[in-house]
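2 protein chains.
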Amino acid sequence: MNNLKDLNLDQRAALSPKEAREYFRKGQVLPTAGISAGYAQANLMIVPQELAFDVLLFAQRNPKSCPVLGVLEAGEVSSELFAGGDIRTDVPQYMVYENGVKVAEPTDLSEYWRDDLVTFIIGCSFTFESALIDSGISVAHIEQGVNVPMYKTTLRSKTAGKMSGPMVVSMRPIPASQVADAVRITSRYPAVHGAPVHIGNPEELGITDLSKPDFGDAVDIQEGAVPVFWACGVTPQAAVMESKPTLAIGHAPGHMLITDIKDSQYQVP
Amino acid sequence: MNNLKDLNLDQRAALSPKEAREYFRKGQVLPTAGISAGYAQANLMIVPQELAFDVLLFAQRNPKSCPVLGVLEAGEVSSELFAGGDIRTDVPQYMVYENGVKVAEPTDLSEYWRDDLVTFIIGCSFTFESALIDSGISVAHIEQGVNVPMYKTTLRSKTAGKMSGPMVVSMRPIPASQVADAVRITSRYPAVHGAPVHIGNPEELGITDLSKPDFGDAVDIQEGAVPVFWACGVTPQAAVMESKPTLAIGHAPGHMLITDIKDSQYQVP
C-alpha cells in the first residue's frame, strides 16, 4: 500500500471511498478534502446511549446545523453508509472528550470503545461546495488553501434535554451578483446544511471581526463580496461539549468520514 | 359554550385552533376533519422515555411515514405547536395501549399520565389534501364522506431498536391525467408524508383487494383512475404496538391534534 501523502491530487480524487477508508484504517492521517471526489464526507459525533435521545432530538429541532445522515445504534460499528467499514478505525483521526475536556486525538478508537456508544453521522458542507464550484461560484477558503472560517453566533440553538448552545456558522464570501445563485444552489442540499441562515450584516449574529473566526481559518474577502453564513456541523459538537458527558468522540477538524454515498444523492428535488 | 356538534360546517371551519382545542378540553368528541380550516392537524404518539430514542430513530430512518413536527420531552404537556394547550386534554379522544393491547379510549389522559412520557407530534396528510383540492384534484374519501383507506404493505419500514413493522400506506384514486400533478403538489409537503411511495400496481405492495383496506374505509374508484399510495402516519403506531411497551397512547383515528401552525408553513420550497 502506498503512502497516501505520496499520491497526487488527481490520484487522491480518484480513490474509491472504500480504498480511502483502508488507508485510514492502516493509521494514515491526512485531511480528507479532495479525497474520493464526488462522494459525501460526514461529521462524526459519538456519545453514550444515555445522551443519545437528547442528541437526536437536538438534531430534529436544529436540522439546518445538525442534518443526520445516519445513526449507528448502541455498540454498532458499521453501516450501509460505509459498507464493510468500521467506525472505530475508518476516520483518519478522532477527538476524544471526557467530561467535556479533550483527552486524546487517536487514529483508532479501539481502546476507548464501549458497547453503549451511539454514533451519529452528520452532513457536511463539502457536498454543496462542489456544486457551487461547478456553477462557477468560487469558494474562497478552497482557493486560498485554508480551512473554512467558522464563528460562534449570538443565535441560540433550540434546546433538547441536556443539549444547548450557540449556533455556529461557516462563512463564504460571495460576489454580490452570485449571492442569489448560491442560495438557490445550496437550498437544494438540505441534508448538508442547505440554504444560508444569514446574508450580510455579521454584526446581527454577534460577529464583530470576520478576520478572527472561532474555528478554522480567516479568509481574504474580495472587494464587493458579501459574507454569506451557513449553519455549521460544529453546532452539535459545541452543544455536546457543554453537556459534559462522561465520554464523547468526534472527528478531528477536516478529517471526515468518507461515505459511499454520491454527493448527488443529497440533491433535491 | 355551544355544543360543537351543533355548529354548521362553516362555523367549524372558522374556529381558531385555540377555540377548537377548548371544546375538546371540555370533553366534547368529534372527528376533526373540517375543523379550523387551514391549520395543520397532527397524529399523536406518546411513549415512555425508555422507548423514546427508538421512536425518534425510527422517524429519522422512515421520514416519509413518520414526519416529526415536534417532540414534548419527558413530562412536558405543552408546546409552541399548540400554545396554551395541554396534550392530556386537547385531543378529542385517545387510544391507550398497555403491553400492545388497547385498554381504553378516554377523552382525557389525566389518570394515565406519567412524568416519563414523551410525546411525538407527527404530520398528517390532511394538509396536502387541501392543496390537492385547491388544484382541482378531487379526493375520493372526502367526496364520499368516509375515512381514507389504509393498507398494510409487504414493504418493511427500516428497523430502529425495538421498532419494526410494515409500511402502512394510504390510497387515493387519481385520474390518470392528474397523477403527475398530484405528485408535484404533494412533493412540496415533505413534513406531511410528501410525494407518493407507489403509483399503480397495488399487487407489488402485497395489496390484493383495494376494496378491503386494513384501516379506514373502502372508496369507490372511478373509471380510469390510478391508485396512488402515500406513506401513512399509522406506520409508526404499528411499529410501537409490535414492540409492546408497558404504556403507549395515540389519538383515536380521525380525532387529531389541531395545531396553531398554518398548512402553508409546511410547503416547500
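As given, the protein sequences belong to chains A and B, one line each in that order.
Its first residue numbered 1, the first sequence is counted upward by one per residue in the UniProt record's numbering.
Its first residue numbered 1, the second sequence is counted upward by one per residue in the UniProt record's numbering.
Built from N, CA and C at the ideal position, the CB exists for glycine as well.
Model, not experiment: these values are computed from the prediction.
Sort A:Asp134, A:Thr107, A:Leu57, A:Ile46 by Cα distance to Gly75 of chain A and report the nearest one.
If you number the first sequence from 1, residue 75 of chain A lands on position 75. Comparing Cα positions, the closest option is A:Ile46.
Let me confirm a value: Lys152 of chain B is counted as buried when at least 16 other C-beta atoms fall within 10 Å, else exposed. Which label applies? Position 152 of the second sequence, counted from the first residue, corresponds to residue 152 of chain B. Flag for Lys152 of chain B reads buried.
**Message:** For Val148 of chain B, count the other beta carbons within 10 Å of its own beta carbon; 16 or more makes it buried, fewer makes it exposed. Which is it?
**Reply:** As a first step, residue 148 of chain B is located in the second sequence; it is residue number 148 there, counting from the start. Classification for Val148 of chain B: buried.
For a contact meaning CB atoms closer than 7 Å, what does Phe82 of chain B contact in chain A? Looking up residue 82 of chain B in the second sequence gives position 82. Ordered by position in chain A, no residue passes the 7 Å Cβ test against Phe82 of chain B, which lies about 16 Å from the chain.
Checklist line | Against chain A: residues of the region 48-74 of chain B by CB proximity under 7 Å | finding: Ala52, Phe53, Leu56, Leu57, Gln60, Val68, Val71, Glu73
In whole angstroms, what is the alpha-carbon distance linking Ala52 of chain B and Glu111 of chain B?
Residue numbering aside, residue 52 of chain B sits at position 52 when the second sequence is read from its first letter. Residue numbering aside, residue 111 of chain B sits at position 111 when the second sequence is read from its first letter. Cα to Cα, the separation comes out at about 21 Å.
Problem set entry | Meets three-Cβ-pair contact criterion under 8 Å: the region 122-129 of chain B and the region 25-40 of chain B | yes
For this session: Please decide whether Gly165 of chain A counts as near chain B, where near means a Cβ-Cβ distance under 8 Å.
Result: One-based indexing of the first sequence puts residue 165 of chain A at position 165. So no, Gly165 of chain A is outside the interface.
| query | Is it true that the region 12-19 of chain A meets the region 213-230 of chain A, where meeting means three or more beta-carbon pairs spaced less than 8 Å apart? | reply | no
- Query: How is the beta strand (DSSP E) around Ala104 of chain B delimited, first residue to last?
  - Reply: Position 104 of the second sequence, counting from 1, holds the residue named residue 104 of chain B. Taken as a continuous stretch (DSSP letters only), the beta strand (DSSP E) holding Ala104 of chain B covers 101-104.
**Asked** Does Gly161 of chain B get closer than 8 Å to chain A when you measure Cβ to Cβ?
**Response** Start at 1 with the first residue of the second sequence, and residue 161 of chain B comes out as number 161. Yes, contact with chain A.
message = Only counting the same chain, and skipping five residues up and downstream in sequence, which positions put a Cβ closer than 7 Å to that of Arg21 of chain A?
response = Position 21 of the first sequence, counted from the start, is the residue given in the question as residue 21 of chain A. Here the set comprises Phe82, Gly85, Asp90, Ile258.
Out of A:Val268, A:Gln237, A:Gln267, A:Val168, which one is the CA nearest neighbour of Lys102 of chain A?
Here residue 102 of chain A is taken as the residue at index 102 of the first sequence, counted from 1. Among A:Val268, A:Gln237, A:Gln267, A:Val168, the Cα nearest to that of Lys102 of chain A is on A:Gln237.
Under 8 Å between C-beta atoms of His251 of chain B and Tyr97 of chain B = For the purposes of this step, residue 251 of chain B is taken as residue 251 along the second sequence, with counting starting at 1. For the purposes of this step, residue 97 of chain B is taken as residue 97 along the second sequence, with counting starting at 1. Not in contact: His251 of chain B and Tyr97 of chain B (Cβ atoms no closer than 8 Å).
### Task
Out of A:Gly27, A:Lys64, A:Val29, state which residue places its alpha-carbon closest to the alpha-carbon of Lys158 of chain A.
Here residue 158 of chain A refers to the residue found at position 158 when the first sequence is read from its first residue. Minimum Cα distance to Lys158 of chain A is reached at A:Lys64.
Rounded C-alpha distance that separates Val55 of chain A from Ile121 of chain A: Indexing the first sequence from 1 puts residue 55 of chain A at position 55. Indexing the first sequence from 1 puts residue 121 of chain A at position 121. If you take the alpha carbons of Val55 of chain A and Ile121 of chain A, they lie about 12 Å apart.
(message) If you follow the beta strand (DSSP E) that Phe229 of chain A is in, where does it begin and where does it stop?
(response) Stepping through the first sequence from its first residue, residue 229 of chain A is reached at position 229. Its beta strand (DSSP E) spans residues 225-231.
Select from B:Ala176, B:Thr186, B:Val197 the residue whose C-alpha is nearest the C-alpha of Gln222 of chain B.
-> Numbered from its first residue, the second sequence carries residue 222 of chain B at position 222. It is B:Ala176 whose Cα lies nearest to the Cα of Gln222 of chain B.
Exercise for the section: Count the other CB atoms, across all protein chains shown, that sit within 10 Å of the CB of Ala180 of chain B; report buried if there are 16 or more and exposed otherwise. Expected result: If you number the second sequence from 1, residue 180 of chain B lands on position 180. Exposed: under 16 other Cβ atoms inside 10 Å.
Could you give the DSSP three-state label for Asp260 of chain B: helix, strand or coil? In the second sequence, residue 260 of chain B corresponds to position 260, counting from 1. Strand.
If you run the structure through DSSP and keep just helix, strand and coil, what is Pro48 of chain A? Position 48 of the first sequence holds residue 48 of chain A. Correct three-state label for Pro48 of chain A: strand.
Taking the beta carbon of Ile174 of chain A as the centre, do at least 16 other beta carbons fall within 10 Å, making it buried, or is it exposed?
Residue numbering aside, residue 174 of chain A sits at position 174 when the first sequence is read from its first letter. The residue is buried, with at least 16 neighbouring Cβ atoms inside 10 Å.
Review point. Got a sec? Which residues, its chain only, sit under 6 Å from Ser36 of chain B by beta carbon, not counting five neighbours each side?
Key: Taking the first residue of the second sequence as position 1, residue 36 of chain B is located at position 36. Once the five neighbours on either side are set aside, the close Cβ partners of Ser36 of chain B are Leu15, Pro17, Ala20, Ile258.
* Same chain only: Cβ atoms within 8 Å of Gly34 of chain B, ignoring 5 sequence neighbours per side -> If you number the second sequence from 1, residue 34 of chain B lands on position 34. Here the set comprises Leu9, Arg12, Ala13.
Whole-angstrom Cβ separation of Ser164 of chain A and Glu80 of chain A, contact assumed at under 8 Å? Here residue 164 of chain A corresponds to residue number 164 of the first sequence, with the count starting at 1. Here residue 80 of chain A corresponds to residue number 80 of the first sequence, with the count starting at 1. With 8 Å as the limit, Ser164 of chain A and Glu80 of chain A do not qualify as a contact, their Cβ atoms being about 32 Å apart.
Just to check my reading of the structure: Leu44 of chain A and Pro92 of chain A have Cβ atoms closer than 8 Å, yes? What is that Cβ distance to the nearest angstrom? Taking the first sequence and counting its residues from 1, the one referred to as residue 44 of chain A is at position 44. Taking the first sequence and counting its residues from 1, the one referred to as residue 92 of chain A is at position 92. So it is not a contact: roughly 11 Å between Cβ atoms.
- Item | Phe215 of chain B to Gln49 of chain B span [Cα, whole Å] | Within the second sequence, numbered from 1, the residue matching residue 215 of chain B stands at position 215. Within the second sequence, numbered from 1, the residue matching residue 49 of chain B stands at position 49. Answer to the nearest angstrom: the Cα atoms are 28 Å apart.
Report the residue ranges of all beta strand (DSSP E) runs contained in full by the region 114-149 of chain B; include only those spanning at least 3 residues, in chain order. 117-123
Count the other C-beta atoms from every protein chain shown that fall within 10 angstroms of the C-beta of Thr119 of chain A, then say buried if there are 16 or more, exposed otherwise. Looking up residue 119 of chain A in the first sequence gives position 119. Classification of Thr119 of chain A: buried, given that the 10 Å Cβ count is 16 or more.
Are the CB atoms of Pro67 of chain A and Val192 of chain A nearer to each other than 8 Å?
-> Taking the first residue of the first sequence as 1, we reach residue 67 of chain A at position 67. Taking the first residue of the first sequence as 1, we reach residue 192 of chain A at position 192. It is a contact, given that the beta carbons lie within the stated cut-off.
- Message: Looking at Leu205 of chain A: is its Cβ nearer than 8 Å to the Cβ of Val169 of chain A?
- Response: Taking the first residue of the first sequence as 1, we reach residue 205 of chain A at position 205. Taking the first residue of the first sequence as 1, we reach residue 169 of chain A at position 169. Contact: yes.
Sort out for me which residues DSSP pairs Asn43 of chain A with in a bridge.
Reading the first sequence from its first residue, position 43 is the one you call residue 43 of chain A. Paired residue(s): A:Ile122.
Problem set entry | 7 Å Cβ shell around Val268 of chain B - same chain, five flanking residues per side excluded | Numbered from 1 along the second sequence, position 268 holds the residue referred to as residue 268 of chain B. Closer than 7 Å at Cβ, skipping near neighbours: Arg188, Pro190.
Enclosing alpha helix (DSSP H) for Leu4 of chain B [first to last residue] = Within the second sequence, the letter at position 4 stands for residue 4 of chain B. Here Leu4 of chain B belongs to no alpha helix (DSSP H), and DSSP marks it neither H nor E.
* Asked: Using the beta-carbon count (16 or more within 10 Å), is Ala59 of chain B buried or exposed?
  -> Against the second sequence, residue 59 of chain B aligns to sequence position 59. Under this definition Ala59 of chain B is a buried residue.
What are the start and end residues of the beta strand (DSSP E) that includes Ile174 of chain B?
Taking the first residue of the second sequence as 1, we reach residue 174 of chain B at position 174. It spans 166-175 - the beta strand (DSSP E) in which Ile174 of chain B sits, taken as one unbroken run.
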